[in-house]
Structures are given as structure tokens and as C-alpha cells.
Amino acid sequence: MLAGILKENGVSGQGILFNQNARTALAFVTLRADGELMFHRNPIADMLLKP
Numbered sequence: 001m002l003a004g005i006l007k008e009n010g011v012s013g014q015g016i017l018f019n020q021n022a023r024t025a026l027a028f029v030t031l032r033a034d035g036e037l038m039f040h041r042n043p044i045a046d047m048l049l050k051p
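To convert, note that position 38 of the sequence shown is 38 in full-length UniProt numbering; the numbers rise steadily by one, no gaps.
Structure representation (C-alpha cells):
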């Protein structure tokens with residue numbers, strides 16, 4: 001896991017948040033013939049952030 005690698009290399013993990021109900025981003029992108037991009041992604045961690 002990235003957080004473990006950071007810790008092993010002396011990087012503080014302070015401020016890293018984990019949510020068991022959300023995954024890291026994985027998006028599928030399609031480029032249509034007219035140049036428009038279409039994105040498909042399930043609810044992921046960055047979509048759950050609130051100010």
C-alpha cells in the first residue's frame with residue numbers, strides 16, 4: 001500500500017485519510033468521434049471529500 005511505502009521511506013502519513021467504503025480512482029475514458037470525452041467511474045474517494 002502506498003501509505004506503507006511512504007512510512008518506510010520516512011515520509012509522514014499525517015493527514016492521510018482512509019475510507020473502507022471508497023476506492024482509489026479508476027476511470028474509463030472514451031473519446032467519441034466528435035471529440036467529446038465520456039468518463040465512467042464508480043463512487044470513489046475523491047468524490048466523497050467535503051470542505
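Built from N, CA and C at the ideal position, the CB exists for glycine as well. Bear in mind the structure is a predicted one, so any value in this text is a computation, not a measurement.
Rounded C-alpha distance that separates residue i from residue j
i	j	result
Phe28	Ala45	16 Å
Gly35	Lys7	42 Å
Gly10	Ala3	11 Å
Arg41	Gly15	25 Å
Ser12	Ala33	45 Å
Phe39	Ile5	30 Å
Leu26	Pro43	10 Å
Spatial neighbours of residue i in its chain, beta-carbon cut-off 8 Å, leaving aside the 5 residues before and after
i	result
Asn19	Ala45 and Leu48
Which of helix, strand or coil DSSP assigns to residue i
i	result
Met1	coil
Any C-beta of chain D under 8 Å from that of residue i
i	result
Phe28	Absent here is chain D; the protein component of the structure consists of one chain.
Strand pairing of residue i, partner residues [DSSP]
i	result
Phe39	Val29
Ile44	Arg23
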